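Visitor: Mapping to the working numbering: the sequence shown position 5 is 124, numbers consecutive. Even glycine gets a Cβ: it sits at the ideal position worked out from N, Cα and C. On a predicted model such as this, the values are computed, not experimentally measured, just so you know.
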Amino acid sequence: MSKLPLARALALLIPVVLLGGAYVSQYVGGLHPCEMCWWQRYPHMVAIGLALLAFAAKGNRRTSAMFTTLAAIAIAVSGGIGLFHAGVEYGWWEGLTACSTSPTGGSAADILNQIMATPITRCDVAPWSLLGISLAGYNGLLSVGGALAILMLLARKGRNA
Numbered sequence: 120m121s122k123l124p125l126a127r128a129l130a131l132l133i134p135v136v137l138l139g140g141a142y143v144s145q146y147v148g149g150l151h152p153c154e155m156c157w158w159q160r161y162p163h164m165v166a167i168g169l170a171l172l173a174f175a176a177k178g179n180r181r182t183s184a185m186f187t188t189l190a191a192i193a194i195a196v197s198g199g200i201g202l203f204h205a206g207v208e209y210g211w212w213e214g215l216t217a218c219s220t221s222p223t224g225g226s227a228a229d230i231l232n233q234i235m236a237t238p239i240t241r242c243d244v245a246p247w248s249l250l251g252i253s254l255a256g257y258n259g260l261l262s263v264g265g266a267l268a269i270l271m272l273l274a275r276k277g278r279n280a
């Protein structure tokens, strides 16, 4: 039997904490996300939904394990995007070349005002780092590591159901 309850808990906790950290850094810390930052958030949102489905299906071990596995894969996808984004920030490879913001509509004056009021957030510049690792880098490391831990727990045989 697997360590499904712990894997399920991690599949919910990891994306909630990382997505929560992203929103805190945005709304409290004033770090506006670039396009690739948003790309990292979407798989975490999906992972939260899948983890909640895993909890809802905990009476059916196989279904719950399937949703937990899918959540781990979504977390890993976010981590992969984060590692790619970190590589762009560190100058290891080229990232986006197009503008990452678009106006929402209205008159020409409204669109111009929206463009002028939109903060410029480049994907190739890390707005914050700790010990030389950017937020994208931390998301990559924590997400990939967390996804691997969840998958290893699901594969591990043990006494807990």
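(1) Pick helix, strand or coil for residue 253, following the three-state DSSP scheme.
(2) Once DSSP output is grouped into helix, strand and coil, what is the label at residue 209?
(3) Classify residue 207 as buried or exposed, calling it buried when 16 or more other Cβ atoms lie within 10 Å of its own Cβ.
(4) With a floor of 4 residues, list each alpha helix (DSSP H) that falls wholly inside the region 137 to 221, ordered by position along the chain.
(5) Are there three or more Cβ pairs, one per stretch, closer than 8 Å when the region 253 to 269 is compared with the region 189 to 201?
(6) Let me confirm a value: residue 160 is counted as buried when at least 16 other C-beta atoms fall within 10 Å, else exposed. Which label applies?
(7) Which word fits residue 272, buried or exposed, when buried means at least 16 other C-beta atoms lie within 10 angstroms of its C-beta?
(8) Using only alpha-carbon positions, find the residue among 126, 156, 250 that is nearest to residue 140.
(9) Hey, residue 176 and residue 182 are a contact pair by Cβ (cut 8 Å); roughly how many whole angstroms apart?
(10) Got a sec? Which residues, its chain only, sit under 6 Å from residue 125 by beta carbon, not counting five neighbours each side?
(11) Please go through the same chain and pick out, in chain order, the residues whose beta-carbon is closer than 7 Å to the beta-carbon of residue 218, but skip the five residues on each side of it.
(12) Just the Cα atoms here: how many angstroms apart are residue 162 and residue 131?
(13) Report all residues from its chain with a CB closer than 6 Å to the CB of residue 259; omit the five preceding and five following residues, and keep chain order.
(14) With distances taken between CB atoms, is the gap from residue 138 to residue 144 smaller than 7 Å?
(15) According to DSSP, is residue 262 part of a helix, a strand, or is it coil?
(16) Using only the alpha-carbon positions, how far apart do residue 252 and residue 186 sit?
Guide: Reading off the structure:
(1) Taken through DSSP and simplified to helix, strand or coil, residue 253 comes out as strand.
(2) Under the three-state reduction of DSSP, residue 209 is assigned to coil, being neither helix nor strand.
(3) Residue 207 should be labelled buried.
(4) The region 137 to 221 contains these whole alpha helix (DSSP H) runs: 154 to 175, 180 to 208.
(5) The way I'd put it, the region 253 to 269 does touch the region 189 to 201; three or more beta-carbon pairs between them come closer than 8 Å.
(6) With 16 or more other Cβ atoms within 10 Å, it is buried.
(7) Result: buried.
(8) Comparing Cα positions, the closest option is 156.
(9) Residue 176 to residue 182, Cβ: 4 Å. Contact.
(10) 272.
(11) At residue 218, the pLDDT of 44 sits below 50, so the modelled position is not reliable; the number obtained from the coordinates is stated separately. Here the set comprises nothing.
(12) Each residue's alpha carbon lies about 12 Å from the other.
(13) In its chain, beyond the 5 residues on either side, 198, 201, 202, 205 have a beta carbon closer than 6 Å to the beta carbon of residue 259.
(14) No, Cβ-Cβ distance for residue 138 and residue 144 is not below 7 Å.
(15) In the three-state DSSP reduction, residue 262 falls in the helix class (H, G or I).
(16) So the two alpha carbons sit approximately 31 Å from each other.
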